[in-house]
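Encoded as structure tokens, the structure appears first; notes follow it.
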Amino acid sequence: MEKLRKGKFTVTGEVTPRKGADPRQILEVLSHLKGQVDAVNVTDNQRACVKASSLAVSKVLLDAGVEPVFQLTCRDRNRIGLQSDLLGAHMLGVRNVLALSGDHPTIGDNPLAKPVYDLDSTQLIEAISGLKRGEDMAGNKLDSNTEFFVGAALSPGAEDTEVELIKARRKIEAGAQFFQTQVVYDVDGFISFMKSMPKTPVLAGIVPLKSVKMAQFMDEKIPGVSVPKMLMDELDHSKNPLETGINQAAEIIRSVKPHCSGVHIMALGQEQHVKTILEKAGLGYLD
Amino acid sequence: MIITEKKPIKEVLEAIGKVKTVAVLGCGRCATSCGTGGEAQVKEMAALLESEGYRVVHSSVVEAQCDERLTRLALRGIGEPDAYVSMSCGSGASALAQHTEKRVVPSNNTMFLGVVKRAGEYAQMCLMCGDCRLSETAGVCVNARCNKKLMNGPCGGSKDGKCEADARRDCAWALIAEKYRKTGRIADLSKRRKSKMVRK
Numbered sequence: 004m005e006k007l008r009k010g011k012f013t014v015t016g017e018v019t020p021r022k023g024a025d026p027r028q029i030l031e032v033l034s035h036l037k038g039q040v041d042a043v044n045v046t047d048n049q050r051a052c053v054k055a056s057s058l059a060v061s062k063v064l065l066d067a068g069v070e071p072v073f074q075l076t077c078r079d080r081n082r083i084g085l086q087s088d089l090l091g092a093h094m095l096g097v098r099n100v101l102a103l104s105g106d107h108p109t110i111g112d113n114p115l116a117k118p119v120y121d122l123d124s125t126q127l128i129e130a131i132s133g134l135k136r137g138e139d140m141a142g143n144k145l146d147s148n149t150e151f152f153v154g155a156a157l158s159p160g161a162e163d164t165e166v167e168l169i170k171a172r173r174k175i176e177a178g179a180q181f182f183q184t185q186v187v188y189d190v191d192g193f194i195s196f197m198k199s200m201p202k203t204p205v206l207a208g209i210v211p212l213k214s215v216k217m218a219q220f221m222d223e224k225i226p227g228v229s230v231p232k233m234l235m236d237e238l239d240h241s242k243n244p245l246e247t248g249i250n251q252a253a254e255i256i257r258s259v260k261p262h263c264s265g266v267h268i269m270a271l272g273q274e275q276h277v278k279t280i281l282e283k284a285g286l287g288y289l290d
Numbered sequence: 042m043i044i045t046e047k048k049p050i051k052e053v054l055e056a057i058g059k060v061k062t063v064a065v066l067g068c069g070r071c072a073t074s075c076g077t078g079g080e081a082q083v084k085e086m087a088a089l090l091e092s093e094g095y096r097v098v099h100s101s102v103v104e105a106q107c108d109e110r111l112t113r114l115a116l117r118g119i120g121e122p123d124a125y126v127s128m129s130c131g132s133g134a135s136a137l138a139q140h141t142e143k144r145v146v147p148s149n150n151t152m153f154l155g156v157v158k159r160a161g162e163y164a165q166m167c168l169m170c171g172d173c174r175l176s177e178t179a180g181v182c183v184n185a186r187c188n189k190k191l192m193n194g195p196c197g198g199s200k201d202g203k204c205e206a207d208a209r210r211d212c213a214w215a216l217i218a219e220k221y222r223k224t225g226r227i228a229d230l231s232k233r234r235k236s237k238m239v240r241k
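Line by line, the protein sequences give chains A and B. The first sequence runs contiguously to residue 290 in our numbering. The second sequence runs contiguously to residue 241 in our numbering.
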């Protein structure tokens, strides 16, 4: 994420570990992303479903020569577990962390799991800031400092944007250095939100739509996401919705580019199309 | 008050097991209010146990089963039944168990410290965490009412003001924001809240 630190437009991708211990699936996804994006997020038991650990998969990325963004949620670990995993991650060479509260266990595939939430995402960011200063949350000294680049989540389409902005400022105060947003389809809404955001870099979330059904699902079910009617109609009338979705994603990237510091592409199994999306968005190169 | 719910009777009978004599003790406080351990429920339980072949040697309602002094008094003169059925909360059953070597079988599950909305409808608004921050969150306890216990909420998961984990539940942080907005204190939300100083 050196580019983002230096203020250059940055593209990140994402791998979502599946339910299993075979790294070949990760490597397959990486083969589509490597060279196309600057760094790749590894989700932490996304949707509260049991997957391979985001820390272990971050190491798989490092071994494959891909810079990981280690996603870390407060759902499954108390402050000892969180700080310990962060120190371990640093030891393995992980430097980028995305601090999240995490989806609640009830929506996942082990719904009786005890929700931990000892910390919230803001407090986790604060804890990471402490590790960077060389101390744990209780003020005990570490034998070495750490150098994390700390990211946080942002929802420009939140129901209460005023509160969302307050939250973002609190996270910045706690030490957040960049934001990754919820998926953006409503470009106008995003641009208007960005006008009130402080200067901290923001990567806009991009998910290419595959069908009008998917668009409706995202619009209705995913908090903070609204899909404009125009995009829905296009998909509905398209003979090749997949291609239409790719074009739409590229167009969204073009439109948001002047208003943010980068994009975070969550291809959800369509990683083979990331290259095309970026080319169509005029970003089809990476130095 | 402490909200209790009746356990399925099958579970209670299984826990009593193969004994002959049983005593049934209700509780005059919360369990009476909840209808899980008052006079009527104690009588009903005693009759049911008799019909199941147990000999009920005693049944009464202790003034407050969680008060060991009162429970100890109540135990005097009961004799030595093979088992006690405690129709109280977990505290009451535990207090009882401090003063007998016999089996203590709770007939209730203890749910939470509740606010009574109307008869039979209770809401959990406090977790008894021991570090009350209600003054910082517009009188809405995030520990009890946010499923993620976020001190710096909301999370990104609420939809139409409802909780991601339970769509029947209001998002605590939406309630807090609404209250602050009404009183022109929305800026108060800017204050970053420290991590919990207690383990609950």
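Each residue gets a CB set at the ideal place from its N, CA and C atoms; glycine is no exception.
Residues of chain B with CB closer than 9 Å to the CB of Ile249 of chain A, please, in chain order.
Those within 9 Å of Ile249 of chain A in chain B number zero; the least Cβ separation is about 26 Å.
Pick from A:Ala218, A:Ala171, A:Leu157 and A:Tyr188: whose alpha carbon is nearest that of Leu206 of chain A?
A:Leu157
What residue ranges within the segment 178 to 226 of chain B form continuous alpha helix (DSSP H) runs of no fewer than 4 residues, ordered along the chain?
Counting only runs of 4+ residues, the alpha helix (DSSP H) found wholly inside the segment 178 to 226 of chain B occupies 183 to 186 and 213 to 223, in chain order.
Just verifying my parser: in three-state terms, what is the DSSP assignment at Gln243 of chain B?
Nothing can be reported for residue 243 of chain B: it is not among the residues displayed for chain B, which extend from 42 to 241.
If the criterion is Cβ atoms closer than 8 Å, does the pair Asp41 of chain A and Val18 of chain A meet it?
no
Within chain A, partners of Arg209 of chain B - CB distance below 9 Å:
Ordered by position in chain A, no residue passes the 9 Å Cβ test against Arg209 of chain B, which lies about 12 Å from the chain.
Reducing DSSP to helix, strand and coil, say where Met86 of chain B ends up.
helix
With 9 Å as the C-beta to C-beta threshold (strictly closer), list the residues of the segment 209 to 220 of chain A near chain B in chain order.
none
Distance, Cα to Cα, Cys204 of chain B vs Leu245 of chain A?
33 Å
Where the segment 156 to 183 of chain A meets chain B: residues whose CB sits under 9 Å from a CB there:
Ala156, Leu157, Ser158, Ala161, Glu162, Asp163, Glu165, Val166, Glu167, Ile169, Lys170, Arg172, Arg173, Lys174, Glu176 and Ala177
Check each candidate in A:Thr279, A:Glu162, A:Asn143 and A:Gln183 and name the one with the smallest Cα separation from Leu216 of chain B.
A:Glu162
Min CB distance Ala109 of chain B to chain A below 8 Å:
Looking at the sequence provided, one finds Glu at residue 109 of chain B rather than Ala. Chain A, which has no Cβ nearer than 8 Å to the Cβ of Glu109 of chain B, makes this no.
Contact check, Lys36 of chain A vs Val277 of chain A under 8 Å by CB: the rounded distance?
Looking at the sequence shown, residue 36 of chain A is not Lys but Leu. About 6 Å separates the two Cβ atoms, so the contact holds.
Would you check if there are 3 or more beta carbon pairs closer than 8 Å linking the segment 116 to 136 of chain B to the segment 78 to 96 of chain B?
yes
What residues in its chain sit with their C-beta under 8 Å from that of Gly192 of chain A, if we drop five residues either side in the sequence?
Pro159, Gly160 and Ser229
Report back the beta-carbon spacing between Lys237 of chain B and Asp172 of chain B to the nearest angstrom; my notes put them in contact at under 8 Å.
6 Å
Is it the case that the segment 44 to 51 of chain B contacts the segment 132 to 149 of chain B, given that we only count it when at least three CB pairs across the two stretches are under 8 Å?
Taking a cut-off of 8 Å for Cβ pairs, the segment 132 to 149 of chain B and the segment 44 to 51 of chain B touch, as three or more such pairs fall below it.
Along the chain, where does the alpha helix (DSSP H) containing Phe196 of chain A start, and where does it finish?
Val190 to Ser199
Of the choices B:His99, B:Gly79 and B:Gly76, whose alpha-carbon is the least far from that of Thr62 of chain B?
B:His99
Alpha helix (DSSP H) runs contained entirely in the segment 137 to 182 of chain A, provided each spans 4 or more residues
164 to 177
Please go through the same chain and pick out, in chain order, the residues whose beta-carbon is closer than 7 Å to the beta-carbon of Arg186 of chain B, but skip the five residues on each side of it.
Met166 and Ala213
CA nearest to the CA of Arg210 of chain B, picked from B:Lys220, B:Tyr221 and B:Gly198
B:Gly198
Kindly list, in the order they appear in chain A, the residues whose Cβ is closer than 7 Å to that of Pro122 of chain B.
Simply none; closest approach about 36 Å.
Segment contact flag, the segment 50 to 62 of chain B with the segment 59 to 68 of chain A, C-beta cutoff 8 Å, min 3 pairs:
Not touching, per the Cβ criterion.
So is the beta-carbon of Lys232 of chain A under 7 Å away from any non-hydrogen atom of the ligand FMN?
Annotation note on the ligand FMN: not contained in the displayed structure, which lists no ligands.
Which chain B residues are close to Tyr120 of chain A, counting only those with a beta carbon under 8 Å from its beta carbon?
Lys189, Lys190 and Leu191
Using Cβ-Cβ distances below 9 Å, what residues of the segment 195 to 208 of chain B are close to chain A?
Pro195, Cys196, Gly197, Gly198, Ser199, Lys200, Asp201, Gly202, Cys204, Glu205, Ala206 and Asp207
For the alpha helix (DSSP H) holding Val119 of chain A, just list the boundary residues, first then last.
Val119 of chain A: not part of any alpha helix (DSSP H); DSSP gives it neither H nor E.
Mind checking Glu121 of chain B: buried by the 16 CB within 10 Å criterion, or exposed?
exposed
With a cut-off of 8 Å, does the C-beta of Arg186 of chain B fall near any C-beta of chain A?
Proximity of Arg186 of chain B to chain A, defined by a Cβ-Cβ separation below 8 Å, is not satisfied.
Identify, in the order they occur along the chain, each residue of the same chain with its Cβ nearer than 6 Å to the Cβ of Gln28 of chain A, setting aside the five sequence neighbours on each side.
Arg21
Check the DSSP bridge columns for Gln165 of chain B and list the partner residues they point to.
B:Gly155
Ser264 of chain A (DSSP reduced to helix, strand or coil):
Residue state, collapsed to three classes: coil.
Should the segment 195 to 211 of chain A be regarded as contacting the segment 267 to 287 of chain A, the criterion being three or more beta carbon pairs within less than 8 Å?
yes
Tell me the DSSP secondary structure of Arg96 of chain B in three-state form.
strand
Taking only beta-carbon atoms, is Ile29 of chain A less than 8 Å away from chain B?
Proximity of Ile29 of chain A to chain B, defined by a Cβ-Cβ separation below 8 Å, is not satisfied.
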